[in-house]
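Have a look at the structure below, then the notes.
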DNA sequence: TCGAATGACAGCG
DNA sequence: CGCTGTCATTCGA
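In this note's numbering, the protein residues as written are 43 to 151.
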């Protein structure tokens, strides 16, 4: 599954945008969709934060908060994992012990 | 459980 | 200008 080859970061953000509300994706999923093995690069791209994607999920920015570890753990978040959990919870994603039910909320590209 | 791999960027020499 | 280290990670031994 190949997309436009951009600055890598834009590809990542583009995929993040495709994640529907109420679902989550994993760094591995994004990396795999981009045909790359740099899982860290995916998260790193978001960490750089393209344009303050730290708003609620209803904004016109990249919902980076829907991307978590392949294990379902939140991993980390620039503004704080708690905020990320809050956003996901607001979308209907139930988080248990800092983990998400990938079986129910994992979105596949 | 620990280390290597992978991509990009910031910092330092 | 070039190299090393770091980072929201993942997989293999």
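We treat Cβ as the ideally placed atom computed from N, Cα and C, and that holds for glycine.
Legend entry - According to DSSP, residues forming a beta bridge with residue 116: In DSSP, residue 116 forms no bridge with anything.
Legend entry - Environment of residue 133 [buried if 16+ CB atoms lie within 10 Å]: buried
Inset, instruction - Would you be able to state if there are at least three C-beta pairs under 8 Å between the segment 121-131 and the segment 71-85? - result: no
Legend entry - Among 64, 104, 49 and 50, nearest to residue 128 - alpha-carbon criterion: 64
Inset, instruction - Have a look at 141, 86, 107 and 109 and flag the residue whose alpha-carbon is nearest the alpha-carbon of residue 50. - result: 86
Inset, instruction - Would you mind stating whether residue 70 and residue 151 have Cβ atoms separated by less than 8 Å? - result: no
Inset, instruction - Please report the Cβ distance between residue 67 and residue 148, rounded to the nearest whole angstrom; I am assuming they are in contact, meaning their Cβ atoms lie under 8 Å. - result: In this structure residue 67 touches residue 148 by the C-beta definition: roughly 7 Å separates them, less than 8 Å.
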